[in-house]
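Trainee: Encoded as structure tokens, here's the structure I'll be asking about.
Residue numbers (the numbering used here): 10 to 226.
Put into structure tokens, the structure is as follows:
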């Protein structure tokens, strides 16, 4: 296999990696807020169930979650799904897993805001929703950017776990090329893809953090 052909195949795999990354963020970032709010709910049952959910998602391997979600329709419900379900199962598993991690980051950020700010907002006539969106969240976002950035960078590398259920992302493609060709060039090129991708993500996060620096604690 010539280098151009190999690069083309790895690029196709990288596109799948990008899709997994983007879909996970689109799903997990807003779901994480909902999970965090449920976790802090005054309703004991809801809060307890959310704690169990977070504990399971954070306490079991993502690889195991991928396999469970992929095989569950058949073994639990007897439903035969098409091969396209591999990608769908990957997104579901990643979103559920990362929403739990993001939820704890959101929760720590929300709880770091002094209670006095909420009380002051109530005195000024703000509703709870207005207080949360206009006063609390802008400060929370600034405070959680470093921690959130770390998780997002981990996500870049975790996309390789999709190989567990046969999704042809970057790592899976590189491994297949190495197995068939008997050379490590594909791994080296794949590593370069991951490194550049991580570098770009870090740069974007740093820029966002800088843009939000006008919020003061």
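We put the beta carbon where it would ideally sit given N, CA and C, even for glycine.
Can you check whether the CB of residue 44 is closer than 7 Å to the CB of residue 108?
Mentor: Cβ distance < 7 Å, so residue 108 and residue 44 count as in contact.
Trainee: In three-state terms, what does DSSP make of residue 41?
Mentor: Note: residue 41 maps to helix in three-state DSSP.
Trainee: Mind checking which residues open and close the alpha helix (DSSP H) that includes residue 64?
Mentor: Per DSSP, residue 64 belongs to the alpha helix (DSSP H) from 53-68.
Trainee: Pick out whichever of 174, 152, 141, 135 has its Cα sitting closest to the Cα of residue 101.
Mentor: Minimum Cα distance to residue 101 is reached at 174.
Trainee: Residue 114 by DSSP, collapsed to three states: which one?
Mentor: The answer is helix: DSSP assigns residue 114 an H, G or I state.
Trainee: Over the uninterrupted alpha helix (DSSP H) stretch that includes residue 158, give me the two end residues.
Mentor: Residue 158 -> alpha helix (DSSP H) spans 146-167.
Trainee: Measure the CB-CB distance between residue 118 and residue 149 and report whether it falls below 7 Å.
Mentor: Contact flag set, yes.
Trainee: By how many angstroms is the C-alpha of residue 186 removed from the C-alpha of residue 15?
Mentor: The straight-line gap from Cα to Cα measures roughly 8 Å.
Trainee: For residue 224, collect the residues of the same chain with a Cβ closer than 7 Å to its Cβ; drop the 5 residues on either side in sequence, then sort them by chain order.
Mentor: Because the pLDDT of residue 224 is 48, which lies under 50, any placement of that residue in the model is unreliable, and the question is left without a value.
Trainee: Return helix, strand or coil for residue 10, following the three-state DSSP convention.
Mentor: In this structure, residue 10 counts as coil in the three-state DSSP scheme.
Trainee: With DSSP run on the structure shown, which of helix, strand or coil describes residue 209?
Mentor: Correct three-state label for residue 209: helix.
Trainee: Is the number of C-beta pairs between the stretch 163-173 and the stretch 26-43 that are closer than 8 Å three or more?
Mentor: Short answer: they touch.
Trainee: Going by Cα to Cα distance, which pick from 53, 93, 180, 48 is closest to residue 21?
Mentor: Ranking the options by Cα distance to residue 21, first place goes to 180.
Trainee: Between the Cα of residue 157 and the Cα atoms of 116, 59, 129, 189, which residue gives the shortest distance?
Mentor: Ranking 116, 59, 129, 189 by Cα distance to residue 157 puts 116 first.
Trainee: Go ahead and pull the three-state DSSP assignment for residue 125.
Mentor: Residue 125 falls in the helix class under three-state DSSP.
Trainee: Within 10 angstroms of the Cβ of residue 19, are there 16 or more other Cβ atoms? Answer buried if so, exposed if not.
Mentor: By the 10 Å Cβ count, residue 19 comes out buried.
Trainee: Counting only the same chain and skipping the five closest in sequence on each side, list residues whose C-beta sits under 7 Å from that of residue 78.
Mentor: These residues qualify, in order along the chain: 98, 101, 102.
Trainee: Closest by CA to residue 42, which one among 110, 80, 143, 129?
Mentor: Checking every option, the nearest Cα to that of residue 42 belongs to 110.
Trainee: By the three-class DSSP mapping on this structure, what secondary structure does residue 198 have?
Mentor: Of the three classes helix, strand and coil, the one that applies to residue 198 here is helix, per DSSP.
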